[in-house]
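Step one of this worksheet: look at the structure below.
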Amino acid sequence: MKTVHPSVYRASILHFLSDPLLDGDEAYEYFEDGALVVDQGKVIQLGDAQTLLAQLDHPANLVDLRGQLIIPGFIDTHLHYPQIDIMASHGEALLDWLNRYTFPAEQAFKDPRHALETANFFVDELLKNGTTTAAVFGTVHKTSVNAFFEVSQARNTRMICGQVMMDRNAPRALCDTATQSYEDSSELISKWHQNGRQQYAVTPRFAITSSPAQLEVAAQLLKDTPSLLLQTHLSENKDEIAFALKLFPEANDYLDIYERYGLVNSNSVFAHALHLNDDQCQRLGAQQAKIAFCPSSNLFLGSGLADIKKFDTHNLGLSLASDVGAGTRLSMLHTMAEAYKVCRLQNYSLDALRSFYLATLAGAKALGLEDKVGSFRPGNEADFVVLNYDATSLMKRRQVQCEDLPDKLFALLMLGDDRSITSTYVAGKRVYHADNNPHA
Ligand code: GUN
Ligand code: ZN
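If you read the sequence shown in numbering that gives the first Met the number 0, its first letter stands for residue 0, the second for the next number, and so on.
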């Protein structure tokens, strides 16, 4: 039998052990001339290249990427694959945008061929952008989720997906019933949850499109299988909030709707969470609930500005997300740049190192995956991305001016996008390389 040797990737290497907001320089490890040792799809070792290479007592395949930066694969904690074809649709705020663009597009996912073709395109685009893990909404159709997981399984990516539950306030063709959503979700959970690297998430769209009976079903699904995540939207838009409170008049505020159905805990990932008062933030923090901050979407739809300082005060489990199709790029570099601008509009300068933390380890923590991905802890799955600081002549000129790591990272995130991704690795295997891409 042929012996497969470990691979050693030599480059600048950065990863996080904790939140730089809390632990400053102790929160990350950075090796200017680093080596990442990968064997059988797992991280074996990380360290200074010269020291590590001298210590290696067995042959290894050396991949020389000096001058580039290796970080863990990006983690996008909230987006919708069926909306990839309606990105950049003009002119509406949330509820009108859903009715005019989103709901018509989602109806096509009843067709398994359309679902499969779109899922293939979508996952390839994620990889091209360096995103190796994502929490993804399907549509109300079982076919959409089966297609997505088949595609992800074939690439061995670690992905989370769920069938959208919605039984009211949407076109008839997109409405299920509480019973149907229980049956469909249960079937998909048996088939896909923890099957290889796939994980299921219970996915009621938002309070507006689920009846009380359906929110009860969501809670029941979580009780049936406690390792499941819940993903939904919370408090994105002022008209949405008013409508939700009209539908649930007994609730004191938007969050209280979900609380009443037992849907707020450490396995819950809420997209947006704008327009929250201190009391709602405090309750989210007390439950260790997770927030997906979706800056490009919030700016695109004009939904509002997430108050990161307030989130941090209440210790919310913050992560970054594109929220495509309302988000304007799949790129997590672009998402970090938009996050910076949202914070600047509130007189706050989001730190570059923290931004990279939010797009990697924080995402893993939000999705309960920090013992698998999001950092290069030995034993973790070797999902990583190779970034080129000098992807364009302009970026190259800007990098010449950079004096330290935060400066280099900031220029990279602000000017970079998919052109900055040289290659993407999933469980130690290269699944994307810019040279293969005629547009790169
Ligand atoms: N709220 C309910 N559904 C959606 C959606 O598809 N996108 C966004 N941005 N918000 C939502
Ligand atoms: Zn969304």
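Cβ coordinates follow ideal geometry from the N, Cα and C atoms, glycine included.
Residue i - DSSP class collapsed to helix/strand/coil
| i | result |
| --- | --- |
| residue 9 | strand |
| residue 135 | strand |
| residue 436 | Low confidence applies here, because residue 436 scores a pLDDT of 47, under 50, leaving its location unreliable and the question unanswered by this model. |
| residue 41 | strand |
| residue 440 | Here the chain has residues from 0 to 439 only, and residue 440 is not among them. |
| residue 119 | helix |
| residue 308 | helix |
| residue 176 | coil |
| residue 409 | helix |
| residue 339 | helix |
| residue 400 | coil |
| residue 148 | helix |
| residue 375 | coil |
| residue 34 | strand |
| residue 391 | coil |
| residue 355 | helix |
| residue 65 | strand |
| residue 302 | coil |
| residue 362 | helix |
| residue 284 | helix |
| residue 194 | strand |
| residue 318 | strand |
| residue 90 | coil |
| residue 14 | strand |
| residue 182 | helix |
| residue 46 | strand |
| residue 239 | helix |
| residue 60 | strand |
| residue 249 | coil |
| residue 257 | helix |
| residue 209 | coil |
| residue 3 | coil |
| residue 106 | helix |
| residue 370 | coil |
| residue 274 | coil |
| residue 125 | helix |
| residue 414 | helix |
| residue 100 | helix |
| residue 54 | helix |
| residue 142 | helix |
heavy atom of the ligand GUN below 7 Å from residue i C-beta
| i | result |
| --- | --- |
| residue 97 | yes |
| residue 140 | no |
| residue 241 | no |
| residue 101 | yes |
| residue 184 | no |
| residue 204 | yes |
| residue 151 | no |
| residue 363 | no |
| residue 235 | yes |
| residue 304 | no |
| residue 325 | yes |
| residue 296 | yes |
Identified DSSP bridge partners for residue i
| i | result |
| --- | --- |
| residue 160 | 135 and 199 |
| residue 218 | DSSP, once it has assigned bridges, lists no residue as partnering residue 218. |
| residue 268 | 230 and 289 |
| residue 431 | 423 |
| residue 384 | 70 and 423 |
| residue 75 | 133 |
| residue 80 | DSSP, once it has assigned bridges, lists no residue as partnering residue 80. |
| residue 27 | 15 |
Cβ separation of residue i and residue j, assumed to be a contact under 8 Å, to the nearest whole Å
| i | j | result |
| --- | --- | --- |
| residue 76 | residue 226 | About 17 Å separates the two Cβ atoms, so there is no contact after all. |
| residue 52 | residue 34 | 6 Å |
| residue 117 | residue 425 | Between residue 425 and residue 117 the Cβ distance is about 20 Å, and since that is not below 8 Å, they are no contact. |
| residue 19 | residue 356 | 6 Å |
| residue 234 | residue 272 | 6 Å |
| residue 337 | residue 298 | 6 Å |
| residue 172 | residue 327 | So it is not a contact: roughly 28 Å between Cβ atoms. |
| residue 164 | residue 217 | 6 Å |
| residue 256 | residue 224 | No, residue 256 and residue 224 are not in contact; Cβ-Cβ is about 23 Å, not under 8 Å. |
| residue 122 | residue 378 | At roughly 25 Å, the Cβ-Cβ gap does not stay under 8 Å, so residue 122 and residue 378 are not in contact. |
| residue 386 | residue 70 | 7 Å |
| residue 45 | residue 383 | About 11 Å; that fails the 8 Å criterion. |
Check: residue i C-beta below 7 Å from any heavy atom of the ligand ZN
| i | result |
| --- | --- |
| residue 274 | no |
| residue 270 | yes |
| residue 14 | no |
| residue 79 | yes |
| residue 449 | Any answer about residue 449 is impossible in this case: the structure gives the chain only from 0 up to 439. |
| residue 333 | no |
| residue 232 | yes |
Residue i beta carbon near the ligand HEM (any heavy atom closer than 7 Å)
| i | result |
| --- | --- |
| residue 360 | The ligand HEM is not part of the structure shown, which contains the ligand GUN and the ligand ZN as its ligands. |
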